[in-house]
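Read through the structure below, which is laid out as structure tokens, and then see the notes.
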């Protein structure tokens, strides 16, 4: 269908369309290719990174499994990522509801402030949070890292929930309250089913962001709470081995699975919306 519509365009427009498609393809290759170069590096038989590998071996994955430091770093990442996702879902949803139906005259300014942590360089956030966590005696704890990661996770949930609320019919809530439903029951029965997909997607994105975050981990975690990105950074400073490529490959695959889940949820939501409109 798209090919037929493109064929009907004038020659100049078709040439421009081809150029745009080729340029987009080059950008995608540029973004994705490094990820797939890491994969063969993790199976190299040499003790240093070289591409292409001269031989193949699974020894780096075996050493990865046998090293308790990597396992502990993974546990730390999960111990920080899960509460980060949950807190981001709660606060992001509350902020989206407040902005969408709070009647604020400066709703745009408030939205910009909520989204600001996602736009600012994370090193600025880390420098700002460091003395605060130090003053609260939380520096190096799970709580400090969770708070820091939640700061950048809330905007993700805020954006996805706000997008769902933009399609929400608020007269349904008024009808429910007119019939005697209390605010909590109105939210649970009317509002939540509409924004549930946005909350879930935002939570998954917040979790994935937490798992991959380095800068905040460098400033806020300690030796006992260091995450996978921080341990990768420390190992790279000491000696760059294919073990790091193995860890990077596993993190990439894990993130890819999360993104596929998000895509499937969005696809299912789109189909359901189409059926509802029909």
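Residue numbers (my numbering): 41 to 318. We treat Cβ as the ideally placed atom computed from N, Cα and C, and that holds for glycine.
Sub-8 Å separation of residue i and residue j beta-carbons
{"i": "residue 304", "j": "residue 242", "result": "no"}
{"i": "residue 287", "j": "residue 96", "result": "no"}
{"i": "residue 76", "j": "residue 169", "result": "no"}
{"i": "residue 121", "j": "residue 198", "result": "no"}
{"i": "residue 100", "j": "residue 269", "result": "no"}
{"i": "residue 165", "j": "residue 157", "result": "yes"}
{"i": "residue 138", "j": "residue 201", "result": "no"}
{"i": "residue 83", "j": "residue 93", "result": "yes"}
Rounded C-alpha distance that separates residue i from residue j
{"i": "residue 250", "j": "residue 292", "result": "13 Å"}
{"i": "residue 88", "j": "residue 70", "result": "24 Å"}
{"i": "residue 192", "j": "residue 160", "result": "9 Å"}
{"i": "residue 180", "j": "residue 263", "result": "8 Å"}
{"i": "residue 216", "j": "residue 150", "result": "28 Å"}
{"i": "residue 182", "j": "residue 116", "result": "8 Å"}
{"i": "residue 127", "j": "residue 187", "result": "9 Å"}
{"i": "residue 114", "j": "residue 240", "result": "23 Å"}
{"i": "residue 255", "j": "residue 298", "result": "22 Å"}
{"i": "residue 58", "j": "residue 273", "result": "41 Å"}
{"i": "residue 91", "j": "residue 81", "result": "7 Å"}
{"i": "residue 222", "j": "residue 212", "result": "13 Å"}
{"i": "residue 107", "j": "residue 64", "result": "41 Å"}
{"i": "residue 16", "j": "residue 238", "result": "Nothing about residue 16 can be read from this structure; the chain reaches only from 41 to 318."}
{"i": "residue 219", "j": "residue 141", "result": "20 Å"}
{"i": "residue 68", "j": "residue 296", "result": "15 Å"}
Proximity test, Cβ basis, 8 Å: residue i and chain B
{"i": "residue 219", "result": "No chain B appears in the structure shown, which is made up of a single protein chain."}
CB-CB length for residue i against residue j, believed under 8 Å
{"i": "residue 261", "j": "residue 147", "result": "At roughly 36 Å, the Cβ-Cβ gap does not stay under 8 Å, so residue 261 and residue 147 are not in contact."}
{"i": "residue 155", "j": "residue 244", "result": "Going by Cβ atoms, the distance from residue 155 to residue 244 rounds to 18 Å, so no, they are not a contact pair."}
{"i": "residue 247", "j": "residue 124", "result": "7 Å"}
{"i": "residue 78", "j": "residue 289", "result": "6 Å"}
Check your understanding: For the 8 Å Cβ check, are there 3 or more pairs between the stretch 274-290 and the stretch 214-233?
Key -> Flag = no, the stretch 274-290 and the stretch 214-233 do not touch.
Check your understanding: Hey, is the stretch 198-208 in contact with the stretch 234-241, meaning 3+ C-beta pairs nearer than 8 Å?
Key -> Segments in contact, yes.
Exercise for review: Kindly provide the ranges of any beta strand (DSSP E) runs that are 3 or more residues long and lie completely inside the stretch 131-168, ordered along the chain.
Suggested key: DSSP runs (the beta strand (DSSP E)) wholly in the stretch 131-168: none.
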